[in-house]
Amino acid sequence: MAILNSFSLEGKVALVTGASYGIGFAIATAYAEAGATIVFNDIKQELVDKGIAAYKEKGIEAHGYVCDVTNEEAVNAFVKKVEEEVGVIDILVNNAGIIKRVPMLEMSAEAFRQVIDVDLNAPFIVSKAVIPGMIKKGHGKIINICSMMSELGRETVSAYAAAKGGLKMLTRNIASEYGEYNIQCNGIGPGYIATPQTAPLREIQPDGSRHPFDQFIIAKTPAARWGVAEDLQGPAVFLASDASDFVNGHVLYVDGGILAYIGKQPQ
């Protein structure tokens with residue numbers, strides 16, 4: 125049973141950004157089950173309150189804070205407050221993110237910058253804020269929520285793909301700079317996950333058929349299904365635990381095999 129102990133997060137403080145619901149909530153819930161104390165943020169108090177209520181329903185006493193992760197001054201104050209009220213952060217999951225599905229020629233530079241700000245600049249800002257505490261502690265785990273768009277392009281997601289591609293390289297660079305301090309920085313690249321964010325792509329059409337994009341994803345995925353948030357829990361616990369102490373700068377794609385698959389031959 126000793127090997128299973130290396131997956132324990134007992135006594136660790138885990139910050140999961142934007143974890144009021146969805147993927148972040150699922151990851152934080154798994155961390156709590158593995159023994160960690162959960163800290164999360166969201167941009168509005170009402171979202172934080174909903175998140176705290178959702179955690180309580182699962183028997184988890186999470187610590188929720190309002191913080192805009194794109195605001196460096198606010199993030200620094202937030203991390204300082206967490207360190208004072210909860211403890212120094214052992215595990216950071218940069219989960220907060222947005223997507224704007226707009227054709228590139230129709231997208232404003234302002235909208236492009238907003239996606240980059242939330243999906244790339246914010247992980248830089250939050251990581252920068254927690255790394256000094258991790259250095260003092262002598263260990264730390266940073267997990268960036270990347271995407272298949274860290275590797276692939278697709279119509280309407282130019283900003284998102286640019287941000288997630290950049291996040292992959294930020295992941296590798298943090299690993300390169302701070303590995304000597306026993307800090308591991310890795311990424312998780314979810315495939316197409318059934319969340320509120322992707323719900324419009326799975327809507328049943330007026331004629332009762334599946335959404336064309338839904339059909340496309342099922343055909344392109346060897347698992348022949350969308351993922352669910354729970355599919356990310358095991359990989360997230362692994363990358364946050366001592367079991368992954370020699371895994372650094374890696375992006376673990378949890379995509380049902382889609383990146384490995386060229387697709388079916390047309391009939």
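As numbered in this note's numbering, residues 125 to 391 make up the sequence shown, in order.
A virtual CB, placed ideally from N, CA and C, is assigned to each residue, including glycine.
Please list, in chain order, all residues of the same chain as residue i whose beta carbon is under 6 Å from its beta carbon, the five residues on each side excluded.
{"i": "A156", "result": "I162 and I184"}
{"i": "C270", "result": "K288, L291, K292, G311, G313 and V375"}
{"i": "I249", "result": "E196 and V199"}
{"i": "K168", "result": "none"}
{"i": "F362", "result": "S368"}
Below 8 Å on the Cβ atoms is my guess for residue i versus residue j; work out the distance and round it to an integer in Å.
{"i": "A138", "j": "D214", "result": "7 Å"}
{"i": "V193", "j": "A220", "result": "5 Å"}
{"i": "T280", "j": "P336", "result": "The Cβ separation is near 14 Å, so there is no contact."}
{"i": "G358", "j": "T295", "result": "19 Å between Cβ atoms; not a contact."}
{"i": "K174", "j": "S144", "result": "6 Å"}
Can you check whether the C-beta of residue i is within less than 7 Å of a C-beta belonging to chain B?
{"i": "V199", "result": "Of the protein chains in this structure there is only one, and it is not chain B."}
Going by the CB atoms, is the gap between residue j and residue i shorter than 7 Å?
{"i": "A152", "j": "V140", "result": "yes"}
{"i": "I386", "j": "K344", "result": "no"}
{"i": "V212", "j": "K261", "result": "yes"}
{"i": "P256", "j": "N218", "result": "no"}
{"i": "D379", "j": "G315", "result": "yes"}
{"i": "A283", "j": "M273", "result": "no"}
{"i": "K136", "j": "A160", "result": "yes"}
{"i": "S365", "j": "F131", "result": "yes"}
{"i": "I267", "j": "V242", "result": "no"}
Just to confirm my understanding: we take residue i, look at its own chain, exclude 5 residues before and 5 after, and list those with CB closer than 7 Å. What are they?
{"i": "A353", "result": "G146, I147, A150, I317 and T319"}
{"i": "L325", "result": "H335, F337 and D338"}
Starting from residue i, follow the beta strand (DSSP E) in both directions and report where the run begins and ends.
{"i": "Y189", "result": "H187 to V190"}
Starting from residue i, trace the alpha helix (DSSP H) in both directions and tell me its first and last residue.
{"i": "T141", "result": "Looking at the DSSP string, T141 is not in any alpha helix (DSSP H); the run it does join, the beta strand (DSSP E), is V137 to T141."}
{"i": "N129", "result": "A126 to N129"}
{"i": "N200", "result": "E196 to E209"}
Grab me the residues of residue i's own chain with a C-beta within less than 8 Å of its C-beta, minus the 5 sequence neighbours each way, in chain order.
{"i": "V206", "result": "V137, L139, V163, H187, Y189 and I213"}
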